[in-house]
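Inspection log for the structure reproduced underneath, given as structure tokens.
Number of protein chains: 2
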Amino acid sequence: MASNNKVRASIHDVARRAGVSAATASKVLRGIRTVKIANAEKVRLAVKDLGYRMDPLASGLRRRTRQIIGIVVPDLENEFFGRLTSRIEILAEEAGYSLAIASSHESEVRERKMLERMHDWRVAGTILAPVRSERGAGATVMKELAMTGALVDRVMANDTFDTVTVDNVRASARVARTLIEAGHRHVLLFGLSDVSKNVRARISAFQDEADAFCPQMSVDVVLTEDSVEGLRGSLSDYLEHHRPTAVFSLAQTGTLSVLSEFRRRSIQCPQDISLIGFDDAEWMQATYPSVCAVVQPVALLAEQAFARLLLRINGQEGFPVCLLEQCHFQERESLMSVGSVPLAHTGNQ
Amino acid sequence: MASNNKVRASIHDVARRAGVSAATASKVLRGIRTVKIANAEKVRLAVKDLGYRMDPLASGLRRRTRQIIGIVVPDLENEFFGRLTSRIEILAEEAGYSLAIASSHESEVRERKMLERMHDWRVAGTILAPVRSERGAGATVMKELAMTGALVDRVMANDTFDTVTVDNVRASARVARTLIEAGHRHVLLFGLSDVSKNVRARISAFQDEADAFCPQMSVDVVLTEDSVEGLRGSLSDYLEHHRPTAVFSLAQTGTLSVLSEFRRRSIQCPQDISLIGFDDAEWMQATYPSVCAVVQPVALLAEQAFARLLLRINGQEGFPVCLLEQCHFQERESLMSVGSVPLAHTGNQ
DNA sequence: CCCGCAAAATAAACCGATTTACTTTTTTTG
DNA sequence: CAAAAAAAGTAAATCGGTTTATTTTGCGGG
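Chains as they are written, first to last, in this note's numbering: chain D, 637 to 985; chain Y, 637 to 985.
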């Protein structure tokens, strides 16, 4: 039914109609000025008459690199990566590139496959948000293939690529300090058991801050595999025997689990236990209580990562840089001082 | 720093090393059997030795169509489209295609741009989830360009392309019946004011069902522009003067607004007002109360849309079909009978 | 008017694959 | 064993562009 029966005009058709050579037509289309104005005009007219559109993929053949930027994220169903990708798509287009988006579905073997595909596509550069079980595998692939790239989120310093990530240490320290000041002396850190450097950084920064400013504080850590049942189960087991005055959830899915486990056990939040989550989401304003969260500057991460990549594409040399962006701490109702009133009353505004 | 200094082997390099012609090498790589086993083996060896990888984009040049499927969705930050895209990515790869993902960012002009880009890329087929202000603009572009494609979500029957969507009529009727049976006689339908056929279908199906089974029911409709402030503002105005016993939110963002407006006004849900939302989200299990929702079969939508597209790509003729998939009704705490106890106690399990 | 130089234009090669049209080799058959 | 048929192999054309090397044109000066 629908198919390419109507043949598309090629640059040769355009050249013929304009009465010039294909090389000249190509020059006009690429904005090269060594063409007589009259001829340039004839070419532009022919383009219009024929409804000519370039094949951007064939165009990169000779150049051996295409006007495409790749991005590989671990999970497109995740709001965070959705926003990141969405922003970078716009930035790429503003810079004259198309964005090729791929998800590694949190799998290292898929991550490799997708990176190889980007390489096969001769992209100009690739942004990688590594999978959770980050052991640098993705970066290694990119290095092997001599790709131009940048790393974002879930990464620490890398010796080959520029990296852009959130300042987990300061954000976690800030949470620790907030809890200390609110009188909390027994806190649970709750998250995913993966080897993610991000989560490890959050934990140790919290512990360091606690050690430094409140040595008597007791900090429990519970980590689980990534499944809704797993998360809630291990939390449930923990709460059977312990009763901290605050929970610091190290990732967004965890926050959801904490909240529903509180409800299942009829634990009043924040009266019985306060809650702070790493990573904000829209729904956190609408829950009861609204959830206090560390807000990651997603747009900024996107912009910085893209800017660094663009510099490298344009040939900038020099040692890889490691950018840390600051998080914002959003106070909401789920946090209160021990034996006191809630710190915040309304979720937003 | 990182760049393509190490030249990649081409199929001619492979052919030379294997001592055969490029045509033969090409045959081997495409799995065509008219090659002597010994030669095929030599080619495979050469591929291995040289670490040869095909350029999949150049490969489609002669064929005039590439092993790529395009998808254009209105919003990648949206969980629904994230899941849709994610699923289709897997399906496409299983079928031997790469998926090119683009977001129209809810803009009709961008939608056209992205569709044109897919066409320029010579994709084998394109799946389109139209922007909200659907007046068929996207489908018209695809028709103009004689593209092979399928439409999903936010569409009614189309005379050119196969469409896959949710059965809004039955789902809304189901909600209406549920509310009627629970004794509700004054209901607010709350949603976005756009001209989305989806939302219009949901409204009229609800009204029809109410007319048929409970003529005395009073159904209010409040529609707003799409902004968090707009949503909450118009809801707030409405609640100033009216007090329905139930709200049916016609879209996910609306549900969030309803919930937080309830909280701001200290309206007890479901004791004062029940709430049902169209479109489920993970967080709806964790709110208080957990939110009763119409669950869309995202994976199924993805599978059907992809299956239809694949048939058309493979040359199936015939009138466009219009598939309606059924939603599931998820009971949760936010719904109760008028003057009675909640219908459901726990969110999940 | 002719020379020299710069500007503009172009034919042809090239990028990396596929496909066509043709040739060569092998197998089957009478 | 020769002729016909089938199988295998390949040179060359092709897809749609860009780039290179070369040629043509335009222009000022002697």
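The beta-carbon is built from N, C-alpha and C at its ideal position, and this holds for glycine as well.
Here the structure is a predicted model, which means the values were calculated and not measured.
Annotation: Cβ neighbours of Y/T721 in chain D (cutoff 7 Å, chain order): L712. For D/G774, the enclosing alpha helix (DSSP H) begins and ends at A773 to E780. Between Y/D795 and chain D, the shortest Cβ-Cβ separation is not below 8 Å.
R689, M690, D691, P692, L693, A694, G696 and L697: these are the residues of the region 684-697 of chain Y whose beta carbon lies less than 9 Å from some beta carbon of chain D, given in chain order.
Secondary structure note for Y/D798: its beta strand (DSSP E) is the uninterrupted segment D798 to V802. The beta carbon of Y/M750 sits closer than 7 Å to the beta carbons of V708, A738 and S740 from its chain, once the five residues preceding and following it are set aside; these are given in chain order. Across the structure, Y/A917 and D/V777 are spaced so that their CA atoms are roughly 35 Å apart.
In the assembly as shown, Y/H820 is a buried residue. Its beta-carbon has 16 or more other beta-carbons within 10 Å. DSSP places Y/H741 outside both helix and strand once states are collapsed to three, so it counts as coil. For Y/E939, the uninterrupted alpha helix (DSSP H) run begins and ends at V934 to I949, by DSSP.
The continuous stretches of alpha helix (DSSP H) do not include D/G975, and DSSP gives it neither H nor E. Contacts between D/Y924 and chain Y, judged by CB atoms closer than 8 Å, involve R899, T923 and Y924 in chain order. In terms of beta-carbon proximity, D/A736 lines the interface with chain Y, with at least one pair separated by less than 8 Å. Shown in chain order are the members of the region 883-909 of chain Y whose Cβ falls below 7 Å from a Cβ of chain D: L892, L895, S896 and R899. Among the residues of chain Y, none has a CB under 9 Å from the CB of D/E742; the nearest is roughly 11 Å distant.
Under the DSSP assignment, D/F884 falls in the beta strand (DSSP E) whose first and last residues are A882 to S885.
Under the DSSP definition of a beta bridge, D/H822 partners with D/S854. Within chain D, the residues S739 have their CB atoms less than 7 Å from the CB of Y/E725, given in chain order. At a cut-off of 8 Å between beta carbons, Y/R666 makes no contact with chain D. Minimum Cα-Cα distance from Y/Q962 among the listed residues Y/L937, Y/S970, Y/F955 and Y/P956 corresponds to Y/L937.
DSSP places D/I839 in the uninterrupted alpha helix (DSSP H) bounded by K833 to F849. Selection D/V656, D/D691, D/A694 and D/S695 evaluated against D/A676 yields D/V656 as nearest (Cα-Cα). Within the DSSP bridge table, the entry for D/L828 names D/T860 as partners. Contacts between Y/E715 and chain D, judged by CB atoms closer than 7 Å, involve E713 and E715 in chain order.
D/A929 sits in a strand when the DSSP states are folded into three classes.
If you keep only unbroken beta strand (DSSP E) runs of at least 3 residues inside the region 706-753 of chain Y, you get 734-739.
Under DSSP, D/S910 takes part in a beta bridge, and its partners are D/A882. By the neighbour-count criterion, in which 16 or more other beta carbons inside 10 Å mark a residue as buried, D/F884 falls on the buried side. Identification of residues in the region 801-813 of chain Y having a C-beta nearer than 7 Å to some C-beta of chain D yields an empty set. What D/E918 touches in chain Y, judged by beta-carbon distance under 7 Å, is L892, going in chain order. When beta bridges are read from the DSSP output, D/G761 appears opposite D/I705.
D/R748 sits buried, since 16 or more C-beta atoms from the chains shown fall within 10 Å of its C-beta. Here D/R944 is near D/V800, since their CB atoms are less than 8 Å apart. Distance from the CA of D/E817 to the CA of D/Y874, rounded to the nearest whole angstrom, comes to 25 Å. Exclusion of the five residues before and after Y/H964 leaves V931 as the residues of its chain whose Cβ lies within less than 6 Å of its Cβ. Not a single C-beta of chain D is nearer than 8 Å to the C-beta of Y/G975.
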